Each structure stands twice: as C-alpha cells, then as structure tokens.
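Okay, so here's the structure we're looking at.
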Amino acid sequence: MTDAAHAETHGFQTEVKQLLQLMIHSLYSNKEIFLRELVSNAADAADKLRFKALENNALFENDGDLRVRVSFDQEAKTITLSDNGIGMTRDEVVEHLGTIAKSGTKEFFGQLSGDSAKDSQLIGQFGVGFYSAFIVADKVTVETRAAGAEASQGVRWESAGEGDYTVADIAKEGRGTDIILHLREDEHEFLDSWKVRSIITKYSDHISIPVQMWKDETPESEGPDGEKVAAVPGEWEAINKATALWTRGKNDISKDEYNEFYKHISHDFADPLTWAHNKVEGKQDYTSLLYIPSKAPFDMWNRERQHGLKLYVQRVFIMDDADEFMPGYLRFVKGVLDSNDLPLNVSREILQDTKTTANLRSACTKRVLTMLERMAKNDAEKYQTFWAEFGQVLKEGPAEDFANKDQIAKLLRFASTNSDSAEQNVSFADYIERMKEGQDKIYYVTTDGYAAAANSPHLEIFKRKGIEVLLMHDRVDEWLISHLPEAEGKTLVSVTKGDLDLGDLDDEETKKQKEQDESEYASFVERMKESLGDKVKDVRLTYRLTDTPSCIVVDDNDMSTQMQKLMQAVGQDVPDQKYIFELNPQHALVKRVADEQDEAKFAEWASLLLDQATLAERGSLENPSEFIKRVNQLLA
Numbered sequence: 006m007t008d009a010a011h012a013e014t015h016g017f018q019t020e021v022k023q024l025l026q027l028m029i030h031s032l033y034s035n036k037e038i039f040l041r042e043l044v045s046n047a048a049d050a051a052d053k054l055r056f057k058a059l060e061n062n063a064l065f066e067n068d069g070d071l072r073v074r075v076s077f078d079q080e081a082k083t084i085t086l087s088d089n090g091i092g093m094t095r096d097e098v099v100e101h102l103g104t105i106a107k108s109g110t111k112e113f114f115g116q117l118s119g120d121s122a123k124d125s126q127l128i129g130q131f132g133v134g135f136y137s138a139f140i141v142a143d144k145v146t147v148e149t150r151a152a153g154a155e156a157s158q159g160v161r162w163e164s165a166g167e168g169d170y171t172v173a174d175i176a177k178e179g180r181g182t183d184i185i186l187h188l189r190e191d192e193h194e195f196l197d198s199w200k201v202r203s204i205i206t207k208y209s210d211h212i213s214i215p216v217q218m219w220k221d222e223t224p225e226s227e228g229p230d231g232e233k234v235a236a237v238p239g240e241w242e243a244i245n246k247a248t249a250l251w252t253r254g255k256n257d258i259s260k261d262e263y264n265e266f267y268k269h270i271s272h273d274f275a276d277p278l279t280w281a282h283n284k285v286e287g288k289q290d291y292t293s294l295l296y297i298p299s300k301a302p303f304d305m306w307n308r309e310r311q312h313g314l315k316l317y318v319q320r321v322f323i324m325d326d327a328d329e330f331m332p333g334y335l336r337f338v339k340g341v342l343d344s345n346d347l348p349l350n351v352s353r354e355i356l357q358d359t360k361t362t363a364n365l366r367s368a369c370t371k372r373v374l375t376m377l378e379r380m381a382k383n384d385a386e387k388y389q390t391f392w393a394e395f396g397q398v399l400k401e402g403p404a405e406d407f408a409n410k411d412q413i414a415k416l417l418r419f420a421s422t423n424s425d426s427a428e429q430n431v432s433f434a435d436y437i438e439r440m441k442e443g444q445d446k447i448y449y450v451t452t453d454g455y456a457a458a459a460n461s462p463h464l465e466i467f468k469r470k471g472i473e474v475l476l477m478h479d480r481v482d483e484w485l486i487s488h489l490p491e492a493e494g495k496t497l498v499s500v501t502k503g504d505l506d507l508g509d510l511d512d513e514e515t516k517k518q519k520e521q522d523e524s525e526y527a528s529f530v531e532r533m534k535e536s537l538g539d540k541v542k543d544v545r546l547t548y549r550l551t552d553t554p555s556c557i558v559v560d561d562n563d564m565s566t567q568m569q570k571l572m573q574a575v576g577q578d579v580p581d582q583k584y585i586f587e588l589n590p591q592h593a594l595v596k597r598v599a600d601e602q603d604e605a606k607f608a609e610w611a612s613l614l615l616d617q618a619t620l621a622e623r624g625s626l627e628n629p630s631e632f633i634k635r636v637n638q639l640l641a
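Residue numbers (the working numbering): 6 to 641.
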C-alpha cells in the first residue's frame with residue numbers, strides 16, 4: 006500500500022452531524038450493536054458483488070469465497086472489519102459516508118424528543134449503519150476499492166466523527182472494504198476475542214456468508230495415552246453458521262435467531278410482533294419469511310419511502326425493497342422472498358410483467374392476512390398493539406385489493422358508541438353479535454375526530470334506543486366505506502345520509518307520532534322551504550334527533566361531508582352540493598319558530614337553525630361573522 010494522495014477534507018452534511026451526536030448519546034447503553042451493523046453492511050456488500058458478478062464474473066478477481074473478517078491490534082487499540090465484497094469508488098465513499106440521502110430525513114429529525122429511550126427507538130428505525138462505529142471509536146478509518154477497479158484506485162476515508170472527514174487515494178490490492186475502529190479509552194473491552202465472538206454469534210449467526218476470526222496456533226501436546234498431538238497452525242475460523250436463515254428448517258431456528266434476523270433486514274431495534282416462515286414446493290418453488298413489526302416506521306406516510314421484501318433468486322440476492330410482492334396496504338411488512346422460478350437477471354421492469362410475480366404477490370398477501378387473522382383470534386392484546394400502529398394503513402386494503410376485501414374486512418377495528426373510549430377495538434363480527442333484535446344493518450358515522458363522532462347529533466335516536474353505532478374518525482375511513490358497502494353479509498348505513506329508516510326497530514308509538522307531526526307541521530315545512538330557498542336541497546321533519554333542533558344530511562347517492570373534505574384537502578374540485586335540512590318537531594326551539602308570525606324574524610330563525618346544523622356537521626361556516634351577527638340580533 007502506498008502513501009495517500011489527492012487528499013481532500015470535506016464537511017459532514019448537517020444531518021450527519023446531528024445523527025452522530027444523537028446516536029453516540031442515545032445508543033450508548035446498547036453500544037455493542039455497532040458490530041451487528043457493520044457485519045450486516047459487509048454481508049450486504051458481498052450480496053451485491055455476487056449479484057453483479059452474474060453478468061461479469063471477472064468482478065470476483067479470482068477470489069469467489071466471500072467473507073467478513075474481524076481482527077484486533079492490541080497495541081494500536083483498534084478493531085478491524087474487512088470484507089471482500091463490492092467495495093466503493095471515491096465518489097461512492099463521499100456519497101455514502103458523508104451524506105444521508107434518505108427520504109424521510111426531515112420527518113425523522115422532526116420527531117426526535119430529546120428523550121434518550123424514545124429517540125433510540127427512532128434512531129433504530131432510521132438505520133444507523135456505518136455511523137454506529139462512532140459509538141465506540143473516536144476515529145474511524147475506511148479503506149476500500151471497488152471490485153473490478155485497478156489496485157491504484159483504492160480510497161481512504163477518515164474522520165473523528167465531529168465536523169469533517171478526509172478522503173484520499175491509496176493503493177489497495179484486494180477489493181472490498183476495511184473499517185478500522187480506533188477505540189476510545191473506555192471501550193478496550195472490544196479488544197477481547199471471546200467478547201467479540203459472543204456478540205457476533207448473538208447478532209450475526211444468521212448471516213449467509215462466513216464471519217471469520219483468527220484462531221491462534223495450538224502448540225504440540227500430549228494425548229491421554231501419552232502419544233504426541235501435532236501442533237495446529239493458526240487459521241481463519243468461521244464463527245457463525247454462515248447459512249441463509251430462511252433456508253433452514255423452522256424447527257432448527259430459535260426465537261432469538263428469528264428476532265435477530267428481523268433486525269438484520271429491517272435495521273429496527275425492537276423485536277417483531279410475529280412472523281411466518283414457509284417453504285413452498287410444487288407448481289411454485291419459493292421460500293418466504295415475513296415479519297410484522299411492532300412499531301410503525303416514522304416515515305410510513307412518506308410517499309417516497311421505499312418498501313417491500315428482500316428478493317433472492319436461488320439464494321442469490323437480487324434487490325432490496327421489491328415492492329412488487331406486497332400490496333401498498335401491507336407496506337409495513339418486512340421479510341425475505343427467495344424464488345426458484347424467477348430468472349437470475351430479473352429486473353424491476355421484468356417483475357412488473359410476469360405471471361410468476363403476480364402469483365408470488367398473491368401468495369405473500371394471503372400469508373400476511375392469515376398471520377393477522379391468527380393473531381386477532383389468539384392474542385387480542387397483541388393485535389390491538391398491531392392495530393394502533395398499522396390500522397390506518399390496513400384500512401386502505403378494500404379499495405386496493407378487491408379479491409381479499411372480505412378477509413381484510415374481518416381484520417378491521419373501530420370505536421363505537423358501546424364504549425366511552427376512542428380505542429378502536431370493535432370488529433364487524435363483534436358489532437353483529439350485539440345487534441338488537443330486528444336490526445339488519447350496521448350503522449356508522451364518519452367525522453374528523455373521535456369527539457365529533459361521539460357527540461354527533463345524528464346519534465341521538467340511536468343512543469335512546471340502545472342501538473350501537475360505529476364511530477369512524479380516521480381520515481381514511483370515508484375512503485374505506487366507499488369501497489365496502491357491506492360486511493359479514495350486513496349492509497353498512499351512514500347515520501348522516503338519506504331518510505332514516507329503522508325498520509323493525511321503530512315502535513308503534515313513534516310511527517303514530519310521525520303521522521301526527523307530518524300533518525301538523527306541513528305548513529311550517531313549506532314556510533321553511535320558501536324562506537331558505539336554494540340554500541338547501543329540501544326541508545323535512547326528522548326523528549333521528551332527540552336533543553338537537555335540526556341537522557343537515559345528504560341524499561343516499563350524494564357525496565358525504567367527509568368525502569367532500571378529503572377531496573378539498575388534496576386540491577380536488579368538489580361538485581356544488583346542497584344539503585337536506587331536517588327539523589326535530591319535538592324540540593322546543595322548533596316549536597317556537599313554527600309559531601313565529603313575523604316573517605322577517607321567521608327568516609332569521611330559519612337561517613340560524615340551518616347555520617347551527619351546518620356548523621355541527623361540517624365544523625365551519627362560509628360566513629361565520631354573519632352567523633354571529635344573527636345570533637346577537639336574536640338574543641337582543
């Protein structure tokens with residue numbers, strides 16, 4: 006190796022500086038993970054070389070035995086991790102080790118709280134990778150050469166993890182990357198061979214390439230029968246199983262191994278909620294290992310965020326984030342798919358057009374939905390943990406996946422009037438089991454939030470009659486319901502749409518009262534129509550209210566208020582739509598207005614009642630100052 010040349014000093018990207026400071030302080034209690042992260046990166050570099058060498062075998066440079074080696078220098082107080090993987094060019098070193106080119110970076114820093122425990126979880130989701138070296142090192146040196154490049158095209162990167170780093174050209178005989186950690190004074194425990202072996206065995210036993218450490222020479226000795234046992238020279242020894250975990254039998258894999266493999270592929274710090282490991286042979290030949298995380302990633306709603314499975318073909322790594330095998334509403338699923346039916350030279354373009362891809366996507370989707378069904382049935386508490394993290398994403402399912410709509414519907418959970426809590430823990434099956442005698446519909450209301458749903462005036466008659474109503478207060482709920490007209494064989498009916506018909510749930514007394522009011526208030530309803538004119542689509546009496554004088558509703562086939570709001574929020578044009586104005590004939594204020602003889606005052610009262618109903622339904626008015634002025638005039 007020659008002296009470094011063409012040396013340059015660069016300043017770290019601002020986000021890198023922030024991440025380094027956060028990581029060193031937040032992850033210090035779990036500092037041994039630096040070995041897991043660096044070994045994982047080295048294994049990825051080997052996978053990438055194996056894939057590229059499919060087209061250009063010369064990249065192996067006559068050395069096809071891929072491995073990671075861990076060594077120590079007791080005198081220099083350094084630990085070195087060396088791989089013979091894909092390596093990096095000078096430009097790639099600057100790009101990968103000086104900046105964070107990751108979508109969601111802004112959201113990540115925006116969610117940091119300053120609490121070390123909470124932030125360490127978030128940092129784990131973000132993925133610390135190479136920078137974890139600075140948890141234990143006060144200086145890190147990286148020497149690398151890209152596979153296929155000349156020996157003179159090596160690169161040295163060096164930094165103390167503060168404000169800047171240096172990059173220089175060096176000569177490097179072997180391809181791949183050496184990471185030399187200059188340990189801090191209080192981190193010399195990582196110079197202990199036994200400790201490092203135990204950490205690697207704990208975190209990296211599942212890595213599919215050998216992780217090697219030097220085994221010292223064994224001197225000549227005397228056997229039990231006095232015979233001489235020859236000395237064994239020192240050698241590199243693999244300390245992990247070096248077999249792709251998903252290729253092993255399920256009975257041979259421990260829970261800890263499954264958990265650590267999940268952390269390896271996801272870079273998450275927390276254990277997964279559950280997983281499914283399956284090998285399929287026959288018409289299709291593939292292995293899948295699919296995980297449900299316990300925590301939603303901070304950037305789950307970032308449209309640029311990559312998701313999907315790690316794709317292998319015949320044990321050869323092909324690509325990360327192969328989203329062709331998992332629908333968008335299951336984008337939280339992590340895992341590995343290893344197929345024997347796809348070509349080794351498969352590309353994303355080829356994946357999009359093959360029948361094999363469609364079949365694998367269908368099979369993986371079914372596998373995840375079955376896994377969730379099993380969790381919901383056998384461990385309600387764990388399923389509620391899942392639902393709190395990923396429920397809103399799963400609600401996208403019926404719109405996206407018609408074939409599995411009914412299976413997804415069984416997994417959905419909602420709040421309801423059966424509880425005083427906003428917790429979403431009511432399934433359609435739970436609701437149907439509690440339906441009143443004579444009830445044949447599932448009633449629901451959609452609003453902007455739980456408080457608005459729980460206190461909607463449209464619920465009054467349902468509360469009086471003890472009829473449960475689902476309270477749908479997530480923004481995605483309106484979209485969900487538009488693609489889910491029924492569940493478990495029962496029609497879903499909005500309590501804010503159309504003329505309320507409770508069918509067999511109406512008693513005879515109520516029916517007689519309706520007939521009486523229709524006759525008694527006929528002229529009043531006509532006055533209201535005339536007074537309000539084209540402000541409303543229609544005016545009619547209602548029996549959905551008990552404590553509120555009026556409300557507005559839309560026709561069965563009209564767009565709901567929530568759908569209007571959703572479309573407006575994304576900049577879509579909303580058709581000019583008028584509401585049906587409903588009046589409660591049993592309310593004292595309605596009776597007072599019906600007796601008003603002064604037409605000017607009647608018109609003011611009519612507009613006031615309409616504004617009140619609009620405010621309760623939409624949460625806002627087009628002209629709030631006019632509403633306030635009208636209230637003040639009537640009060641005065």
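No residue lacks a Cβ here, since even glycine has one placed at the ideal position from N, Cα and C.
The structure displayed is predicted, hence computed values, not measured ones.
Checklist entry - Alpha carbon to alpha carbon, how far is Asp68 from Ala176? => result Position 63 of the sequence shown, counted from the start, is the residue given in the question as residue 68. Position 171 of the sequence shown, counted from the start, is the residue given in the question as residue 176. Cα-Cα distance, rounded: 18 Å.
Next on the checklist: Here's a check: name, in chain order, each residue in its chain whose Cβ is nearer than 8 Å to the Cβ of Lys36, leaving out the five neighbours to either side.
Outcome noted: Counting from one through the sequence shown, the residue named residue 36 turns up at place 31. Closer than 8 Å at the Cβ level, and outside the excluded window around Lys36, lie Ile140, Val141, Glu192.
Item to check | Enclosing beta strand (DSSP E) for His282 [first to last residue] | outcome: Taking the sequence shown and counting its residues from 1, one reaches residue 282 at position 277. That run of the beta strand (DSSP E) goes 279-285.
Item to check | Secondary structure, alpha helix (DSSP H): runs of 4+ residues fully inside the stretch 352-417 | outcome: Entirely contained in the stretch 352-417, the alpha helix (DSSP H) runs reaching 4 residues are, in chain order, 353-357, 360-383, 385-399, 402-405, 410-416.
Next on the checklist: Could you check if Ser87 belongs to the surroundings of the ligand HEM, using beta carbon to heavy atom distance under 7 Å?
Outcome noted: Questions concerning the ligand HEM fall outside what the structure shown contains, since it holds no ligand whatsoever.
Item to check | Reference Ile355; option with closest CA among Leu374, Ala327, Asp174 | outcome: Position 350 of the sequence shown holds residue 355. Nearest of Leu374, Ala327, Asp174 to Ile355, Cα basis: Ala327.
Checklist entry - Is Ser209 closer than 8 Å to Val44 when the C-beta atoms are compared? => result As a working mapping, residue 44 is identified with position 39 in the sequence shown. As a working mapping, residue 209 is identified with position 204 in the sequence shown. It is a contact, given that the beta carbons lie within the stated cut-off.
Checklist entry - Taking Cβ to Cβ, would you say Glu483 is nearer than 8 Å to Leu571? => result For the purposes of this step, residue 483 is taken as the residue at position 478 of the sequence shown. For the purposes of this step, residue 571 is taken as the residue at position 566 of the sequence shown. Cβ distance < 8 Å, so Glu483 and Leu571 count as in contact.
Checklist entry - Does the beta-carbon of Gly313 have 16 or more other beta-carbons within 10 angstroms, so that it is buried, or is it exposed? => result Here residue 313 corresponds to residue number 308 of the sequence shown, with the count starting at 1. Its Cβ being crowded by 16 or more others within 10 Å, Gly313 is buried.
Checklist entry - Near Ala593, which residues of its chain fall below 7 Å by C-beta distance, leaving aside the five closest residues on each side in sequence? => result Indexing the sequence shown from 1 puts residue 593 at position 588. So no residue of the chain qualifies.
Checklist entry - Mind checking whether Leu416 and Leu377 have CB atoms under 8 Å apart? => result As a working mapping, residue 416 is identified with position 411 in the sequence shown. As a working mapping, residue 377 is identified with position 372 in the sequence shown. Contact: yes.
Checklist entry - When the distance is taken between beta carbons, is Ile447 closer than 8 Å to Lys517? => result Here the question's residue 517 lines up with position 512 in the sequence shown. Here the question's residue 447 lines up with position 442 in the sequence shown. No, the Cβ-Cβ distance between Lys517 and Ile447 is not below 8 Å.
Item to check | Same chain, Cβ closer than 8 Å to Asn364, five either side skipped, listed in chain order | outcome: Here residue 364 refers to the residue found at position 359 of the sequence shown. For Asn364, where only same-chain residues beyond five positions count, the Cβ hits under 8 Å are Gln289.
Checklist entry - Between which two residues does the alpha helix (DSSP H) carrying Met564 extend? => result In the sequence shown, residue 564 corresponds to position 559, counting from 1. Unbroken run through Met564: none, as it is neither H nor E.
Item to check | For Asp70, the nearest candidate out of Ala156, Gln412, Pro215 (CA to CA) | outcome: Residue 70 sits at position 65 when you count from the first residue of the sequence shown. Ranking Ala156, Gln412, Pro215 by Cα distance to Asp70 puts Pro215 first.
Checklist entry - Alpha carbon to alpha carbon, what distance is there between Leu40 and Val450? => result The count along the sequence shown starts at 1 and reaches residue 450 at position 445. The count along the sequence shown starts at 1 and reaches residue 40 at position 35. If you take the alpha carbons of Val450 and Leu40, they lie about 52 Å apart.
Checklist entry - Roughly how many angstroms lie between the CA atoms of Glu3 and Val636, to the nearest whole one? => result Since the first residue of the chain shown is 6 and the last is 641, residue 3 is not available in this structure.
Item to check | Where Tyr317 falls: helix, strand or coil (DSSP) | outcome: Working through the sequence shown from its first residue, we reach residue 317 at position 312. In the structure shown, Tyr317 sits in a strand (DSSP, three-state: E or B).
Next on the checklist: Does Val450 come out as helix, strand or coil in the three-state DSSP assignment?
Outcome noted: For the purposes of this step, residue 450 is identified with residue 445 of the sequence shown, where counting begins at 1. Correct three-state label for Val450: strand.
Item to check | Residue environment, Glu194, which counts as buried when at least 16 other CB atoms sit within 10 Å | outcome: Numbered from its first residue, the sequence shown carries residue 194 at position 189. Flag for Glu194 reads exposed.
Item to check | Length of the line joining the Cα atoms of Pro580 and Trp280 | outcome: As a working note, residue 580 is residue 575 in the sequence shown. As a working note, residue 280 is residue 275 in the sequence shown. Answer to the nearest angstrom: the Cα atoms are 46 Å apart.
Next on the checklist: Need the endpoints of the alpha helix (DSSP H) that Asp49 sits in, please.
Outcome noted: Taking the sequence shown and counting its residues from 1, the one referred to as residue 49 is at position 44. 38-57 is the extent of the alpha helix (DSSP H) around Asp49.
Checklist entry - Are the Cβ atoms of Val544 and Thr501 separated by less than 8 Å? => result Taking the first residue of the sequence shown as 1, we reach residue 544 at position 539. Taking the first residue of the sequence shown as 1, we reach residue 501 at position 496. Cβ atoms of Val544 and Thr501: not closer than 8 Å.
Next on the checklist: Between Glu240, His282, Ala152, Asp539, which has its C-alpha nearest Phe65's C-alpha?
Outcome noted: Counting from 1 along the sequence shown, the entry for residue 65 is found at position 60. Of Glu240, His282, Ala152, Asp539, the residue nearest in Cα terms is Ala152.
Item to check | For Glu222, three-class secondary structure by DSSP | outcome: Translated into positions along the sequence shown, residue 222 becomes position 217. Note: Glu222 maps to coil in three-state DSSP.
Next on the checklist: Let's test the definition: count the other Cβ atoms within 10 Å of the Cβ of Phe586 and tell me whether it reaches 16, buried, or not, exposed.
Outcome noted: Looking up residue 586 in the sequence shown gives position 581. Phe586 is buried by the Cβ-count criterion.
Checklist entry - From what residue to what residue does the beta strand (DSSP E) around Trp251 run? => result In the sequence shown, counting from the first residue as 1, residue 251 sits at position 246. Premise fails: Trp251 is in no beta strand (DSSP E) and is neither H nor E.
Item to check | Of the listed residues Asp453, Lys519, Ile466, Pro403, nearest to Pro490 (C-alpha basis) | outcome: Residue numbering aside, residue 490 sits at position 485 when the sequence shown is read from its first letter. The candidate whose alpha carbon is nearest that of Pro490 is Pro403.
Checklist entry - Nearest to Glu465 by CA position, among Leu505, Ala434, Arg480, Asp453, is which residue? => result Your numbering for residue 465 matches position 460 in the sequence shown. Checked all of Leu505, Ala434, Arg480, Asp453; the closest Cα to Glu465 is Leu505.
Checklist entry - Do you know offhand how far Ile91's Cα is from His187's? => result Taking the first residue of the sequence shown as 1, we reach residue 91 at position 86. Taking the first residue of the sequence shown as 1, we reach residue 187 at position 182. When rounded, the separation of the alpha-carbon atoms in Ile91 and His187 is 24 Å.
Checklist entry - Would you report the Cα separation of Val541 and His478, rounded to the nearest angstrom? => result Along the sequence shown, read from residue 1 onward, the residue named residue 541 stands at position 536. Along the sequence shown, read from residue 1 onward, the residue named residue 478 stands at position 473. Straight-line Cα distance between these residues: approximately 26 Å.
Item to check | Residue environment, Ala527, which counts as buried when at least 16 other CB atoms sit within 10 Å | outcome: Taking the sequence shown and counting its residues from 1, one reaches residue 527 at position 522. Answer is exposed; the Cβ neighbour count stays below 16.
Next on the checklist: Helix, strand or coil for Trp306? Go by DSSP, reduced to three states.
Outcome noted: On the sequence shown, position 301 is the one that residue 306 refers to. Here Trp306 sits in coil by DSSP.
Item to check | Rounded separation between Val658 and Phe56 - CA only | outcome: This structure leaves residue 658 out entirely; the chain is present only between 6 and 641.
Item to check | Straight-line Cα distance separating Ser271 from Lys53 | outcome: Looking up residue 53 in the sequence shown gives position 48. Looking up residue 271 in the sequence shown gives position 266. Approximately 17 Å between the Cα atoms of the pair.
Checklist entry - Is Ile205 closer than 8 Å to Ile244 when the C-beta atoms are compared? => result On the sequence shown, residue 244 is found 239 positions in, with the first residue counted as 1. On the sequence shown, residue 205 is found 200 positions in, with the first residue counted as 1. Their beta carbons are under 8 Å apart, which means Ile244 touches Ile205 by this criterion.
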